[in-house]
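Let me begin by presenting the structure, written as structure tokens, before commenting on it.
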Amino acid sequence: MNIIIEGTDGCGKTTTIEALKKIFPKVDFSDRSVVICNYMLKDVPMETRVDAYHTYLQNGDDKVIFLINNDGEELLRRVKTRDKAISDFDLDAPLYNEMYRETFKVMEQNNMTEGKMFMVDVTGLSLDDQINKVKETIEQF
């Protein structure tokens, strides 16, 4: 099984994946799907985005989890404390977080998740609680 952890910069994808690999050693984890990234852009209309994601989910076996953190200040704090140059894209983390959230809502409302896309709200959770919440989601597959 391949599980892709998606979300905006600063939501905890890498840290969560590192922990999940120890819990589920037979599962392939990755962050960021090329398809998801290519359409999760400000200039891509929602209809185009959800159609592309729906086709992706229909034609593949990947499970996709969107991590959502609705604390914009926390997202920016995490982005700014990294040991790398900060781009405009990084500073738009709260905007992209909202795009992930809204995209999932539209897909769920229109029955387009194919039972392969999930959203986990990690707002205000400690790292351990975040990992446990994602773990519980995976155990439901």
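Mapping to my numbering: the sequence shown position 76 is 76, numbers consecutive.
The C-beta atom is built at its ideal place from N, Cα and C for all residues, glycine as well.
Because the structure is a prediction, the values reported are computed rather than measured.
So is residue i buried or exposed if we call it buried at 16+ other beta carbons inside 10 Å?
{"i": "residue 48", "result": "exposed"}
{"i": "residue 136", "result": "exposed"}
{"i": "residue 8", "result": "buried"}
{"i": "residue 1", "result": "exposed"}
{"i": "residue 33", "result": "buried"}
{"i": "residue 90", "result": "buried"}
{"i": "residue 19", "result": "buried"}
{"i": "residue 36", "result": "buried"}
Measuring alpha carbon to alpha carbon, tell me which residue in the options is nearest residue i.
{"i": "residue 118", "options": "89, 87, 68, 82", "result": "68"}
{"i": "residue 104", "options": "136, 54, 86, 139", "result": "54"}
{"i": "residue 114", "options": "125, 59, 120", "result": "59"}
{"i": "residue 45", "options": "76, 99, 30", "result": "99"}
{"i": "residue 38", "options": "51, 27, 3, 19", "result": "51"}
{"i": "residue 11", "options": "140, 139, 20, 120", "result": "120"}
{"i": "residue 41", "options": "138, 112, 139, 88", "result": "88"}
Less than 6 Å separating the Cβ of residue i from some heavy atom of the ligand ADP?
{"i": "residue 23", "result": "Judged by which ligands are present, the structure shown has none, so any question about the ligand ADP falls away."}
What are the boundary residues of the alpha helix (DSSP H) that residue i is part of?
{"i": "residue 107", "result": "93 to 109"}
{"i": "residue 169", "result": "Since the displayed the chain opens at 1 and closes at 141, residue 169 lies outside it and no answer follows."}
{"i": "residue 135", "result": "127 to 139"}
Rounded to the nearest angstrom, what separates residue i and residue j at their Cα positions?
{"i": "residue 62", "j": "residue 94", "result": "26 Å"}
{"i": "residue 6", "j": "residue 64", "result": "7 Å"}
{"i": "residue 116", "j": "residue 123", "result": "22 Å"}
{"i": "residue 110", "j": "residue 92", "result": "27 Å"}
{"i": "residue 73", "j": "residue 25", "result": "33 Å"}
Looking at C-beta atoms only, is the number of pairs between the stretch 119 to 127 and the stretch 10 to 17 that lie closer than 8 Å three or more?
Using a Cβ-Cβ distance cut-off of 8 Å, the stretch 119 to 127 and the stretch 10 to 17 are in contact, since at least three pairs of beta carbons, one from each stretch, lie closer than that value.
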